[in-house]
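Chemist: In full-length UniProt numbering, the protein residues as written are 1 to 713. Take a look at the following structure, please.
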Amino acid sequence: MEEELTCPVCKNPFTDPIVLPCSHSICMGCSQSSVTATGGDVSTNSNGISHGDSDETPYASLYEFNHLYQSIGNLPCLKCPTCKRLFPLDIRGINGFPRNRLLENIVNRYYAKSNGIVYCQLCDENQPSQATVMCEQCEVAYCDRCCKTCHPSRGPLAKHSLVAPTISKSPCKPSVLKCGRHNEENISMYCVFCRTPVCYVCLEKGQHSGHEVKALGAMFKEQKGELMTNVKLLGAKNSELKTFIQKLDGSCSIIQENGLEFEACIVAQCDALINFIQQRKVELIEAITTEMNSKIQKVKEQMKSCDKKVQNVAGLIQYANECLQETDAASFLLPVPPPINIIYLVPPPINIIYLSFVRTEWAGLASSQMELVSSAKLKAVSGRTSPALQVANSLNGRITSLTNQWSKDVKMEPATGVELELTLDTSGARAALHDLHFIELKAPMAPEIMPDECTVTNNAITLSWKPRNQSCVDGYVVEIDDGTSSGKEDHFLEVYRGNSQECTVSGLQFNSTYRARVKGFNKAGQGAPSDEVYLTTSDVAWFSLDPATAHPDIVLTNENTTTTCTSFDDRVVLGNIGFSRGCHYWEVTIDRYDGNPDPAVGVALGSTIKDSILGKDNKAWCMYIDSSRSWFRHNNEHSNRRDGGVDVGSVIGVLLDVTNHKVTFYLNDQKRGTMRLPNIPEAFYAAFSLSRNVQITLHTGLELPDDAYNNSK
């Protein structure tokens with residue numbers, strides 16, 4: 001509360017506070033420094049008579065003063081240090097503002113309790129003296145001067161007990177306030193119109209004559225009650241604020257826990273990245289080692305080959321040097337014997353093999369060469385003669401040949417370079433690590449539907465979308481609305497949840513318009529939905545027979561539109577699309593009809609039995625027909641017998657009107673009758689039963705018969 005009891009100018013407890021028209025207070029002494037003037041000297045009329053007890057405020061408002069200021073150029077004003085408003089002064093100056101007795105008493109009580117000092121209650125000065133005694137009977141605290149003057153120890157007061165002053169005693173009764181305009185009159189009434197206390201003279205003769213007034217005590221209780229109510233309301237608000245502060249304080253610990261948990265998660269993720277980099281480092285080092293070993297192996301193989309060549313050449317050079325040291329000319333020029341030709345004759349038809357042995361001698365070692373020649377070349381080989389060679393000529397020829405072939409046989413360049421032809425590009429990883437930062441976790445923005453990539457195929461729709469920029473998305477939710485909801489609100493159903501940006505929804509109703517939208521979601525929740533896209537399915541039903549639900553004896557061909565059976569008993573096969581609304585028509589043709597079987601066509605629920613003729617249970621409605629007549633069948637009950645049967649080439653039509661709950665049958669474009677269907681939420685499927693003696697082909701995507709609209713009425 002000290003802030004409410006502190007002067008905004010001197011920053012000390014209020015001393016002789018005065019209240020301004022703006023309801024702010026200021027010390028009497030501090031108000032002197034807040035007086036300004038538009039021109040001329042400022043007079044506060046400090047020598048005038050003090051009217052501090054008056055609560056009247058005969059001063060112009062700020063709006064009025066602004067206009068007055070425009071017309072008067074020399075006007076002293078008091079500037080409120082809190083709200084900076086200017087208030088003009090009358091002839092009384094600062095003393096014209098009322099004393100804030102309530103604030104003054106509160107300051108005295110508060111600081112008296114704070115420091116244990118009790119002040120005299122009868123001092124007329126602005127700053128009362130410290131009390132020295134207190135009368136137990138009068139319950140009034142006196143200073144020495146006031147005690148001698150107002151409470152002498154004689155007469156009736158001689159029996160009063162004077163004790164040391166304490167703050168535990170009840171305060172003295174407040175002094176009676178005097179009227180600011182009539183100094184001798186006590187304030188006894190309250191003017192409701194002017195909202196100020198007044199005396200009876202002001203009511204009778206003064207400016208408050210004729211105004212509505214109330215008793216001062218009644219108005220005091222009323223204002224005090226209103227203040228108490230407002231204090232309670234403010235206290236309740238303050239209690240709510242304290243509760244909120246406690247909640248905030250609790251949230252600090254929660255934030256700290258979440259921060260520590262998130263910090264541990266970040267540490268784990270960074271450690272995982274470091275481990276991945278370490279693992280990648282090992283792999284890269286292994287790759288370098290492999291490349292290095294490969295190059296070293298190539299170099300070693302080249303060195304080995306060159307060493308072998310060096311050894312061979314060194315041996316030849318040494319042998320040639322030994323030959324050069326020969327002094328015997330005959331030995332040096334000794335001729336080499338010619339090749340020995342041996343011919344082996346074998347019986348026909350085996351070709352004659354000509355074996356030619358050439359015996360040479362080099363470095364004191366004998367070697368032989370055998371040549372295989374066919375009989376066709378025998379004559380040419382037999383007539384071949386080999387010239388005599390000298391040892392010197394032979395050796396010289398070998399060296400010359402080796403020298404000439406040196407550039408081809410010996411590569412004087414390294415088989416591989418010394419540099420590792422590898423480099424490590426870390427720019428992408430550095431950029432990714434540099435961009436590694438936190439993003440604000442909030443629900444993602446609405447995805448953007450790409451209408452050009454949204455398609456409709458038969459009774460399936462495909463949606464395609466992309467996320468907005470700077471959206472953190474963990475996955476998407478696709479919702480569709482077929483417009484069949486009875487309520488006015490949208491009735492979207494979730495049909496997909498995943499992280500793909502494309503979704504195909506199949507099994508929809510034909511000739512129906514669907515609204516579709518996409519939402520993104522992450523840990524913060526689902527975001528706003530995308531713009532809605534309207535997609536209309538095919539107006540006629542295209543479907544085939546369903547091998548997944550057919551009886552095992554059923555055989556399907558021709559892209560699952562032609563069927564027969566391997567059993568002599570009737571077996572059931574259904575269409576692969578169910579219908580829950582609309583009007584649909586399809587036909588079957590009899591491709592093969594042996595004997596006198598009775599195939600059945602109609603509609604059924606998906607759970608109908610498959611190992612008996614159609615219509616044996618209560619989940620199928622059909623017409624079964626033989627070569628001469630037909631019947632309707634449901635729940636193993638027969639009805640509507642009609643003459644006329646089927647043969648090869650006959651066409652049976654089925655018109656399903658789900659909206660009006662009926663199915664109509666046709667034979668060769670002639671209507672055979674109608675069956676009523678129950679109003680159930682389950683889907684109806686095209687249904688057929690047949691044996692091995694029958695083969696039928698299904699035809700779909702057909703327009704409704706001409707009388708279909710009349711039948712639907």
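Glycine residues also receive a C-beta, built at the ideal position from the N, C-alpha and C atoms.
Considering Cα atoms alone, identify which of F521, R515 and T455 is closest to P447.
Modeler: Cα-wise, what sits closest to P447 is F521.
Chemist: Tell me the DSSP secondary structure of F14 in three-state form.
Modeler: In this structure, F14 counts as coil in the three-state DSSP scheme.
Chemist: Between the stretch 15-30 and the stretch 103-111, are three or more C-beta pairs nearer than 8 Å?
Modeler: These segments touch.
Chemist: Quick check on the burial criterion: 16 or more other C-beta atoms within 10 angstroms. Buried or exposed for E240?
Modeler: Label assigned to E240: exposed.
Chemist: Less than 8 Å between the beta carbons of K616 and A604, yes or no?
Modeler: Going by C-beta atoms, K616 is not nearer than 8 Å to A604.
Chemist: In angstroms, rounded to a whole number, what distance separates the CA positions of C7 and Q269?
Modeler: Distance between the alpha carbons of C7 and Q269 is about 58 Å.
Chemist: Give the DSSP-derived three-state secondary structure of S25 in the structure shown.
Modeler: In the structure shown, S25 sits in a strand (DSSP, three-state: E or B).
Chemist: Can you find the residues in the same chain that come closer than 7 Å, C-beta to C-beta, to Y111, ignoring five residues on each side of it along the sequence?
Modeler: Around Y111: P13.
Chemist: So G602 and T549 are supposed to be a Cβ contact under 8 Å. How far apart are they, rounded?
Modeler: Actually they do not touch by this definition, with Cβ atoms about 16 Å apart.
Chemist: Helix, strand or coil: which one does DSSP assign to A215?
Modeler: Three-state DSSP puts A215 in a strand.
Chemist: Secondary structure at L62, three-state DSSP: helix, strand or coil?
Modeler: Unreliable placement is indicated for L62, whose pLDDT of 41 sits below 50; no coordinate value is reported for it.
Chemist: Mind checking whether the beta-carbon of S33 lies closer than 7 Å to any heavy atom of the ligand NAP?
Modeler: The ligand NAP is not among the ligands present in this structure, which contains no ligands whatsoever.
Chemist: Which of helix, strand or coil does DSSP assign to H699?
Modeler: Here H699 sits in strand by DSSP.
Chemist: Taking C-alpha atoms, which residue in Y514, N635, V573 and Y624 lies nearest to G645?
Modeler: It is Y624.
Chemist: Can you grab the Cα-Cα spacing for the pair E185 / P21, in whole Å?
Modeler: If you take the alpha carbons of E185 and P21, they lie about 24 Å apart.
Chemist: Excluding sequence positions up to five away, which residues of its chain have a Cβ less than 8 Å from the Cβ of I288?
Modeler: For I288, where only same-chain residues beyond five positions count, the Cβ hits under 8 Å are L420 and L422.
Chemist: Is the stretch 509-525 close to the stretch 560-576, with three or more CB pairs under 8 Å?
Modeler: No, they do not touch.
Chemist: Measure how close the beta-carbons of L614 and S689 come, nearest whole angstrom, since I'm counting them as under 8 Å.
Modeler: The pair is a contact, with the Cβ atoms about 4 Å apart (cut-off 8 Å).
Chemist: Could you tell me the boundaries of the alpha helix (DSSP H) in which Y593 lies?
Modeler: Element bounds for Y593: not the alpha helix (DSSP H) but the beta strand (DSSP E), C583 to Y593.
Chemist: Express the C-alpha separation of R517 and E532 in angstroms, rounding to a whole number.
Modeler: Roughly 5 Å separates the two Cα atoms.
Chemist: Once the 5 residues before and after T674 are set aside, which same chain residues still bring their CB inside 6 Å of it?
Modeler: Closer than 6 Å at Cβ, skipping near neighbours: K662 and T664.
Chemist: Let me check one thing: in DSSP terms, what residues is W631 bridge-paired to?
Modeler: Beta-bridge pairing links W631 to Y624.
Chemist: DSSP has S464 in a bridge; who is on the other side?
Modeler: Looking at the DSSP assignment, S464 forms a beta bridge with E502.
Chemist: Within 10 angstroms of the Cβ of F193, are there 16 or more other Cβ atoms? Answer buried if so, exposed if not.
Modeler: Answer is exposed; the Cβ neighbour count stays below 16.
Chemist: Compare the Cα-Cα distances from V310 to each of K237, E222, N230 and V410 and report the closest residue.
Modeler: Comparing Cα positions, the closest option is V410.
Chemist: So for K662, helix, strand or coil by DSSP?
Modeler: K662 falls in the strand class under three-state DSSP.
Chemist: Should P165 go down as buried or exposed, given a rule of 16 or more other Cβ atoms within 10 Å for buried?
Modeler: When all chains shown are included, P165 counts as buried.
Chemist: Do you know offhand how far F579's Cα is from L508's?
Modeler: Going by the C-alpha atoms only, they are around 9 Å apart.
Chemist: In chain order, what residues of the same chain lie with their CB nearer than 8 Å to the CB of E212, ignoring the 5 residues before and after it?
Modeler: Counting only Cβ-Cβ distances below 8 Å, and skipping sequence neighbours, we find C191, V192 and F193.
Chemist: Would you please state the rounded distance, in angstroms, between the beta carbons of V651 and E587? I believe it to be under 8 Å.
Modeler: About 5 Å; that satisfies the 8 Å criterion.
Chemist: Given this structure, state the Cα-to-Cα distance separating residue 714 from F438, to the nearest angstrom.
Modeler: No answer is possible for residue 714: it lies beyond the span of the chain, which begins at 1 and ends at 713.
Chemist: To the nearest angstrom, report how far apart E291 and L441 are at their CA atoms.
Modeler: So the two alpha carbons sit approximately 46 Å from each other.
Chemist: Looking at G498: is its Cβ nearer than 8 Å to the Cβ of M445?
Modeler: Their beta carbons are not under 8 Å apart, which means G498 does not touch M445 by this criterion.
Chemist: Taking just the CA atoms, how far does N238 sit from P58?
Modeler: Reliability fails at P58, whose pLDDT of 38 lies under 50, so the model's placement of it is uncertain and no value is given.
Chemist: Terminal residues of the continuous beta strand (DSSP E) containing Y534?
Modeler: Per DSSP, Y534 belongs to the beta strand (DSSP E) from V533 to T536.
Chemist: My output table needs one value for V19: the three-state DSSP class, helix, strand or coil.
Modeler: Three-state DSSP puts V19 in a strand.
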